[in-house]
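203 is the number that full-length UniProt numbering gives to position 203 of the sequence shown; each next residue is one higher, with no gaps.
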Amino acid sequence: MAPVIAIIGALEKEVRQIYAAVEKGTVVDEAGLHIVGGEYHGFEIVATTAGMGTVNAAAAAQHLISAHGANAIIFSGIAGGLNPALHIGDVVIGEQLRYLDTDTALIAESAPGLEEFSSSDFLVELAEQTLRAHGFVDAALSEGDAATARAEADATLFRRNNTDSEPQRFLRGTIATGDRFVSGAEAKAAAIAATQGDCVEMEGAAIAHVAAKNGIDCLVLRAISDNCDESYDALSSREFDLEEYAKSASSLVLSIVRRLAVQLGIEPRD
1 MAPVIAIIGA LEKEVRQIYA AVEKGTVVDE AGLHIVGGEY HGFEIVATTA
51 GMGTVNAAAA AQHLISAHGA NAIIFSGIAG GLNPALHIGD VVIGEQLRYL
101 DTDTALIAES APGLEEFSSS DFLVELAEQT LRAHGFVDAA LSEGDAATAR
151 AEADATLFRR NNTDSEPQRF LRGTIATGDR FVSGAEAKAA AIAATQGDCV
201 EMEGAAIAHV AAKNGIDCLV LRAISDNCDE SYDALSSREF DLEEYAKSAS
251 SLVLSIVRRL AVQLGIEPRD
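Okay, here's the thing in structure tokens:
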């Protein structure tokens with residue numbers, strides 16, 4: 001039986017490309033979710049839009065595990081940047097995920113007994129390989145190492161005809177998750193102080209939390225859409241930009257799944 005990968009986004013734009021990519025797709029509406037299932041490079045995919053916030057994310061993740069047998073969860077989408085080394089369009093791989101506005105000591109009194117969560121190591125590695133192959137440069141590199149990485153990025157298929165532009169960057173970092181939209185200097189500073197996060201959003205830690213509770217693998221990816229300096233309404237008005245950032249994140253997810261298929265020796269079925 002093919003492994004089942006759940007792919008979740010908070011917004012429909014974050015999973016639209018996933019819906020289009022799966023083959024022999026099925027569609028079902030259940031548990032308040034619109035779920036598209038199908039085959040992709042030898043995996044069974046179940047994809048859905050969870051809605052915003054930790055409760056929506058956790059409910060969607062648990063349903064796809066319990067009702068659809070998901071062996072792993074990939075969550076991708078957009079986030080506000082906290083780390084000044086990151087710019088709009090850059091990507092954070094959620095090596096660590098921390099709740100922003102939750103009493104984590106109380107959370108840890110229940111299984112799995114953790115105050116913070118993480119993406120699975122092998123999926124983090126796979127995400128980094130994918131980003132490098134897409135012409136991204138590690139934002140954590142020293143100046144000398146960054147020059148070498150820039151040359152490698154410029155040689156990739158994604159940049160070889162556009163080497164005059166600055167490459168996008170990625171970071172294996174910390175994602176902060178809270179149930180309030182972070183906007184303004186004061187809220188941004190508070191989020192950094194509380195979590196030492198590189199970006200902030202509203203779902204990732206809940207996804208990793210549910211994955212850990214169920215003992216399955218997960219990966220959380222975020223493309224930076226703003227620097228926490230806009231209201232939600234102002235950010236939403238930039239519909240074209242948000243579509244591009246979300247599409248970039250979902251394209252990376254599909255590429256990661258293809259690389260995983262090669263790594264595991266899984267062949268697409270006829």
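Think of the CB as a built atom: it goes at the ideal place given N, C-alpha and C, for glycine as much as any other residue.
Item, Value
"In whole angstroms, what is the alpha-carbon distance linking I266 and F43?", "8 Å"
"Pop quiz: A149 and A85 are said to be a contact at Cβ under 8 Å. What is the actual Cβ separation, rounded to whole angstroms?", "Actually they are not in contact, since the Cβ atoms of A149 and A85 sit about 14 Å apart, beyond 8 Å."
"Can you tell me which residues form a DSSP beta bridge with Q96?", "S118, T174"
"Between the beta-carbon of C199 and the beta-carbon of V92, is there less than 8 Å?", "yes"
"Tell me, to the nearest whole angstrom, how far the beta carbon of I5 is from that of I74; I am working on the premise that it is less than 8 Å.", "6 Å"
"Once the 5 residues before and after D233 are set aside, which same chain residues still bring their CB inside 7 Å of it?", "none"
"Compute the minimum distance between the beta carbon of A149 and the heavy atoms of the ligand FAD, and state whether it is under 7 Å.", "Annotation note on the ligand FAD: not contained in the displayed structure, which lists no ligands."
"What span of residues does the beta strand (DSSP E) with I107 cover, start to end?", "Looking at the DSSP string, I107 is not in any beta strand (DSSP E); the run it does join, the alpha helix (DSSP H), is 104-107."
"Determine the direct distance from the alpha carbon of A206 to that of A67, and round the result to whole angstroms.", "18 Å"
"Taking I224 as the reference, give the member of Y245, A57, A133 with the closest Cα.", "Y245"
"Does N161 pass the burial test, meaning 16 or more other C-beta atoms within 10 Å, or should it be called exposed?", "exposed"
"Rounded to the nearest angstrom, what separates T174 and S231 at their Cα positions?", "23 Å"
"Can you tell me whether E14 is buried or exposed? The criterion is at least 16 other CB atoms within 10 Å of its CB, across all chains shown.", "buried"
"With three or more C-beta pairs closer than 8 Å as the rule, is the segment 75-84 touching the segment 209-227?", "yes"
"Can you give me the C-alpha to C-alpha distance between D164 and L114, rounded to a whole angstrom?", "45 Å"
"Tell me the DSSP secondary structure of A151 in three-state form.", "helix"
"Taking all protein chains shown into account, decide if T26 is buried (16 or more other Cβ within 10 angstroms of its Cβ) or exposed.", "exposed"
"From what residue to what residue does the beta strand (DSSP E) around T48 run?", "43-49"
"Between Q96 and S118, which are expected to be in contact by the criterion C-beta below 8 Å, what is the C-beta distance as a whole number of angstroms?", "5 Å"
"Run the CB neighbour count on M1, radius 10 Å, all protein chains shown included, and call it buried at 16 or more, exposed below.", "exposed"
"Quick one: grab the DSSP three-state call for A72.", "strand"
"Would you kindly check if the distance between the Cβ of A59 and the Cβ of I8 is under 8 Å?", "no"
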